[in-house]
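What follows is a single structure, written as structure tokens, with notes after it.
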Amino acid sequence: MRITVNGKLRELICDPLQPLLYLLREELDVTGPKAGCQQGSCGTCTVLVDGEPRRSCLLPSVLADGTEVTTIEGLGDAARLDTLQAAFHHYYGAQCGFCTPGMIMAAHALLERNPSPTRSEIQTALGGHICRCTGYVKILDAIEAVVRGETFDESDRTPHPDPAEHEVAMKGAPA
Amino acid sequence: MKSVGARLPRYDGLGHVVGQTMFVDDYRVPDGNLWARALRSPSHSARIVRLDTRKAAELPGVHAIVTHRDVPKNVYGHLEALGVPADEPLLAEDEVRYKGQPIAVVAADSEAAAQAAVEAMELELEEREPLFDIRKSFDPDAPQIHHWGNWYPYFGGPDEGPDRRKVRKGDIDKAFADADTIVQGVYRPGAIEHCPTETQVSLVVPEASGRLVIHSCTQAMYFSMGVVAAHLDLPLNKLKFVGGTVGGGFGGKVDSAAETLSALLALKTEQAVKWRWTRDEEFLASSTRAPWHIEIADAVTSDGWILGRKTLTLHDSGAYARFSPYGLTKHAFHHSGAYTIPNIHFDGYVVFSNRVPTTAMRGFGVTSVSFAVETHMTRIATVLGIDPYELRLKNANRLGDTTPNGVRLPDPSTVATIQAVAGAAGVELAPEYAAMTSEPRSGPLLPPHLEAQQQNGSSPNG
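Chain order of the listed sequences is P and Y.
Position 139 of the first sequence, counting from 1, maps to 139 under our numbering, and the rest follow consecutively.
To convert, count from 1 in the second sequence and add 1000; that's our numbering.
Pasting the structure below:
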């Protein structure tokens, strides 16, 4: 089969019924999409197939033949974050990080379709995505910030303090 | 203190949003790795009559099969360092005590080959009657779950029998004799599967020196290292743990799950071995939050003072002890909630059942009793016809009050917290309750039944 993954054309022979997730992870070493529930219920494996969000753990590879697949790795990297990635980082939309790639891909597909969704529309679009750390509010905040057109300047962050700089006696701490 | 209140970037945030964070299953070994799968008990309780892995071992792609005979120290106990005997086999020996308990593991060229080997193993069981309702564990004719009996027998603190965690404070009989009303309640919070999005997984890569590099999703690196070292009888310098990146744990990745058997298979095959649990296995065999049975009886006065509390707790430990005695101990410390109760009688048992062993989950042992206590407080308020906020504020821990264990609280925050909850809920408190602080009791807030305990506390540092 021929499949374009994050802009790169790949030709390979594979089991046509093997889920796309395993083709990506095990054969192409694209490990951004995660195996969560492994039965299409949690959304951690979400990738874009010709721009549409798909649960790659349920999608037989043969159905991705000839398509363009975009995973989290295809959006941006640490030096050049995509706006959604920057928003998730800025608004603490990731806790353990395992659901994050799927969340961002689903949000990306939503904003392509509808650039100004309401909070309720965002909730509906991400309804099938489970964040077991339960960080949903921050995830919704991050996506809403993108909808508002916010840009993310990291200079308002306090850098990690130098522990040697301040010595503050803790109340009640043993001397 | 510059960090307090500051917006600090997460040290791992960038990796998460660009998909570069390396979870255990994301690691790749240059020459590839073998894949592990487990034969798990299909029965809740049974004697193992026969296990034959010979046919499975001959299947194509199978590199090794291990059973309990291959484990240097098969039986281990999480509390061995405290002098408690070991009780849990890494691989079942002559009996199985919960459904999903591992009996044998195989390493093969692919997960499919490993699974085929598991299915080719011949297992013959003699089923026994299982026990799931811990209220029946004390019946004379109850099935015997554990070789220690149906409850954990190694407490034995000062003034305490071995069979239960006891807390005694004040004069409980006088409290009940003086009460206007006794308010009773039974609370049974159920088991919860942590259900992390990342299932249990490990990757073990042997180095040329013989050291094992163990990629682990554990929440407790050094503890897991000790568990692997103990079972495999290896010095710690033969193990290199790589971890700290956990795809959700919530307490469910404290007890070691996959590392030890992956390590054993890696030693046996001299190849890298990865074991990733399926979602089915995660639900079947990973530990859960415990179900609890909590009975509370409070001696109360008509004007809303709690004179005394009697509590009986049964903590369902599942088939083995693991950390449950520790969870129950925390439960015991917290069983008066955020309130001062001068007379206490607490008995707690860690009870065995044919459930999967239970473990920590977000407030080990404490969430269960907090649920019970807060529900009970509202019940008392309802029975007495008193405002539930006022009942809580009146009995709230203040400076000078002591815990069930007699520890004097240096900085109790109950009053301020309840006032904030009332504010957030839009409840207007009566002026004397809105003005309340955590300052030491006096006047009407220091009734005679609280006077003695004000003199008897010990400091939190002993």
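For each residue, glycine too, the CB sits at the ideal point set by N, CA and C.
Legend entry - Backbone secondary structure at Y/Thr1367 - three-state DSSP: Locating residue 1367 of chain Y in the second sequence gives position 367, counting from the first residue. The answer is helix: DSSP assigns Y/Thr1367 an H, G or I state.
Inset, instruction - Drop a sphere of 10 angstroms on the beta-carbon of P/Gly66, count the other beta-carbons inside from all chains shown, and report buried for 16 or more, exposed for fewer. - result: Taking the first sequence and counting its residues from 1, one reaches residue 66 of chain P at position 66. Under this definition P/Gly66 is an exposed residue.
Inset, instruction - Spell out whether any CB of chain Y is found under 8 Å from the CB atom of P/Asp29. - result: One-based indexing of the first sequence puts residue 29 of chain P at position 29. Answer yes: the Cβ-Cβ gap between P/Asp29 and chain Y drops below 8 Å somewhere.
Legend entry - Beta-carbon proximity list for Y/Gln1454, same chain, < 6 Å, skipping 5 on both sides: Taking the first residue of the second sequence as 1, we reach residue 1454 of chain Y at position 454. Hits under 6 Å: Gly1400.
Legend entry - Y/Asn1033, buried or exposed, once every other Cβ within 10 Å from all chains shown has been counted against 16: Against the second sequence, residue 1033 of chain Y aligns to sequence position 33. If you draw a 10 Å sphere on the C-beta of Y/Asn1033, you find 16 or more other C-beta atoms in it, and that means buried.
Legend entry - contact_flag[the stretch 90 to 101 of chain P, the stretch 113 to 124 of chain P] where n(CB pairs < 8 Å) is 3 or more: These segments do not touch.
Inset, instruction - Give the straight-line distance between the Cα atoms of P/Thr46 and P/Arg55, rounded to the nearest whole angstrom. - result: Here the question's residue 46 of chain P lines up with position 46 in the first sequence. Here the question's residue 55 of chain P lines up with position 55 in the first sequence. CA-to-CA, the gap between P/Thr46 and P/Arg55 works out to about 5 Å.
Legend entry - C-alpha distance - Y/Arg1028 paired with Y/Ser1202, whole-angstrom precision: Translated into positions along the second sequence, residue 1028 of chain Y becomes position 28. Translated into positions along the second sequence, residue 1202 of chain Y becomes position 202. Here the alpha carbon of Y/Arg1028 sits roughly 12 Å from the alpha carbon of Y/Ser1202.
Legend entry - C-beta neighbour in chain Y for P/Ala78, strict 8 Å: By 1-based counting over the first sequence, the position of residue 78 of chain P is 78. With 8 Å as the cut-off, P/Ala78 counts as an interface residue toward chain Y.
Legend entry - Residues bridged to Y/Tyr1076 (per DSSP): For the purposes of this step, residue 1076 of chain Y is taken as the residue at position 76 of the second sequence. Y/Tyr1076 is bridged to Y/Glu1088.
Legend entry - 8 Å CB neighbourhood of Y/Ile1182 in its chain, flanking five on each side removed: The residue given as residue 1182 of chain Y occupies position 182 in the second sequence. Here the set comprises Phe1176, Ala1297, Asp1298, Ala1299, Val1300.
Inset, instruction - Please list the residues of the stretch 1232 to 1257 of chain Y that have a C-beta atom closer than 7 Å to any C-beta atom in chain P, keeping them in chain order. - result: If the cut-off is 7 Å between Cβ atoms, the stretch 1232 to 1257 of chain Y has Val1246, Gly1247, Gly1248 near chain P.
Legend entry - Segments of 4+ residues assigned as alpha helix (DSSP H) that fall wholly inside the stretch 1260 to 1312 of chain Y: DSSP runs (the alpha helix (DSSP H)) wholly in the stretch 1260 to 1312 of chain Y: 1279 to 1285.
Inset, instruction - Spell out the partners DSSP gives Y/Leu955 in its beta bridges. - result: The first residue shown for chain Y is 1001 and the last is 1462, placing residue 955 of chain Y beyond what the model contains.
Legend entry - Inter-residue CB distance, Y/Ala1319 and Y/Ile1145 (contact presumed, cutoff 8 Å): The sequence position of residue 1319 of chain Y within the second sequence is 319, counting from 1. The sequence position of residue 1145 of chain Y within the second sequence is 145, counting from 1. So it is a contact: roughly 7 Å between Cβ atoms.
Legend entry - Three-state secondary structure (DSSP) of Y/Gln1453: As a working mapping, residue 1453 of chain Y is identified with position 453 in the second sequence. Y/Gln1453 falls in the helix class under three-state DSSP.
Legend entry - Neighbour-count burial assignment, Y/Asp1031, 16 or more Cβ in a 10 Å radius: Reading the second sequence from its first residue, position 31 is the one you call residue 1031 of chain Y. The residue is exposed, with fewer than 16 neighbouring Cβ atoms inside 10 Å.
Legend entry - Contact under 8 Å by Cβ, Y/Asp1255 with Y/Ser1287: Residue mapping note: residue 1255 of chain Y aligns to position 255 of the second sequence, counting from 1. Residue mapping note: residue 1287 of chain Y aligns to position 287 of the second sequence, counting from 1. Taking 8 Å as the Cβ cut-off, Y/Asp1255 and Y/Ser1287 qualify as a contacting pair.
Inset, instruction - Just the chain Y side, please: which residues come within less than 8 Å of P/Tyr92 by C-beta, in chain order? - result: Along the first sequence, one-based indexing puts residue 92 of chain P at 92. Within chain Y, Arg1010, Gly1013 have C-beta atoms less than 8 Å from the C-beta of P/Tyr92, given in sequence order.
Inset, instruction - Name the one or two DSSP bridge partners that Y/Asn1343 has. - result: Residue numbering aside, residue 1343 of chain Y sits at position 343 when the second sequence is read from its first letter. Checking the DSSP bridge columns, you'll see Y/Asn1343 partnered with Y/Gly1308.
Inset, instruction - Could you tell me which of Y/Gln1271, Y/Thr1245, Y/Tyr1076 sits nearest to Y/Leu1212, measuring between CA atoms? - result: Counted from its first residue, the second sequence places residue 1212 of chain Y at position 212. Per the Cα distances, Y/Gln1271.
Legend entry - Three-state secondary structure assigned by DSSP to P/Leu74: Here residue 74 of chain P corresponds to residue number 74 of the first sequence, with the count starting at 1. Looking at the sequence itself, residue 74 of chain P is Gly, so the reference to Leu does not match. Here DSSP, grouped into helix, strand and coil, assigns P/Gly74 to helix.
Inset, instruction - Return the chain-ordered list of same chain residues with a C-beta closer than 8 Å to the C-beta of Y/Pro1337, the five sequence neighbours on each side being excluded. - result: Within the second sequence, the letter at position 337 stands for residue 1337 of chain Y. With the sequence shown as reference, residue 1337 of chain Y is identified as Gly, and Pro is not the correct amino acid for it. In the same chain as Y/Gly1337, and ignoring 5 residues on each side of it, the C-beta atoms closer than 8 Å to its own belong to Val1369, Ser1370, Val1373, Glu1374, Met1377, in chain order.
Legend entry - Where Y/Arg1309 falls, given that 16 or more other Cβ within 10 Å makes a residue buried: As a position in the second sequence, residue 1309 of chain Y is number 309, starting the count at 1. Flag for Y/Arg1309 reads buried.
Inset, instruction - Can you give me the Cβ contacts of Y/Glu1281 inside the same chain, cut-off strictly under 8 Å, excluding the 5 residues immediately before and after it? - result: Numbered from 1 along the second sequence, position 281 holds the residue referred to as residue 1281 of chain Y. Sequence-distant partners of Y/Glu1281 (beyond 5 residues in either direction) whose C-beta falls short of 8 Å from its own C-beta, in its chain, are Ala1038, Arg1040, Gly1100, Thr1199, Gln1200.
Inset, instruction - With distances taken Cα to Cα, identify the nearest neighbour of Y/Ile1103 among Y/Leu1051, Y/Pro1143, Y/Asp1087. - result: On the second sequence, residue 1103 of chain Y is found 103 positions in, with the first residue counted as 1. The shortest C-alpha separation from Y/Ile1103 is found at Y/Leu1051.
Inset, instruction - Enumerate in chain order the residues of its own chain whose CB-to-CB distance from P/His160 is below 8 Å, with the five nearest sequence positions on each side excluded. - result: If you number the first sequence from 1, residue 160 of chain P lands on position 160. Only weak support exists for where P/His160 lies, its pLDDT of 49 falling under 50; the coordinates are left without a value.
Legend entry - Contact the stretch 1349 to 1357 of chain Y vs the stretch 1320 to 1327 of chain Y: 3+ CB pairs below 8 Å: Contact holds: three or more Cβ-Cβ distances are below 8 Å.
Inset, instruction - Give every residue of the same chain whose Cβ lies closer than 6 Å to the Cβ of Y/Met1436, excluding the five residues on either side of it in the sequence, and list them in chain order. - result: As a first step, residue 1436 of chain Y is located in the second sequence; it is residue number 436 there, counting from the start. Within the same chain, Y/Met1436 has close Cβ partners Leu1393, Val1415.
Legend entry - the stretch 1188 to 1221 of chain Y: positions lying closer than 9 Å to chain P by Cβ: Against chain P - using a Cβ distance shorter than 9 Å - the residues of the stretch 1188 to 1221 of chain Y are His1194, Cys1195, Pro1196, Thr1197, Glu1198, Thr1199.
Inset, instruction - Flag this pair as touching only if the stretch 125 to 138 of chain P and the stretch 35 to 43 of chain P have three or more C-beta atom pairs under 8 Å; answer yes or no. - result: Between the stretch 125 to 138 of chain P and the stretch 35 to 43 of chain P there are three or more inter-stretch CB-CB distances shorter than 8 Å, so the stretches are counted as touching.
Inset, instruction - Check Y/Leu1082 in the structure and name its three-state DSSP category. - result: Walking along the second sequence from the start, residue 1082 of chain Y turns up at place 82. Helix at Y/Leu1082.
Inset, instruction - Inspect the beta-carbon positions of Y/His1293 and Y/Leu1314 and report whether they are closer than 8 Å. - result: Residue mapping note: residue 1293 of chain Y aligns to position 293 of the second sequence, counting from 1. Residue mapping note: residue 1314 of chain Y aligns to position 314 of the second sequence, counting from 1. Between Y/His1293 and Y/Leu1314, the gap from beta carbon to beta carbon is short of 8 Å.
Inset, instruction - Thinking Y/Trp1305 and Y/Asn1237 are a contact (beta carbons under 8 Å), I'd like their distance in whole angstroms, please. - result: Working through the second sequence from its first residue, we reach residue 1305 of chain Y at position 305. Working through the second sequence from its first residue, we reach residue 1237 of chain Y at position 237. Between Y/Asn1237 and Y/Trp1305 the Cβ distance is about 59 Å, and since that is not below 8 Å, they are no contact.
Legend entry - Same chain, Cβ closer than 6 Å to Y/Arg1188, five either side skipped, listed in chain order: Here residue 1188 of chain Y refers to the residue found at position 188 of the second sequence. His1293.
Legend entry - Where P/Gln85 falls, given that 16 or more other Cβ within 10 Å makes a residue buried: For the purposes of this step, residue 85 of chain P is taken as residue 85 along the first sequence, with counting starting at 1. Residue environment for P/Gln85: buried (at least 16 other C-beta atoms within 10 angstroms of its C-beta).
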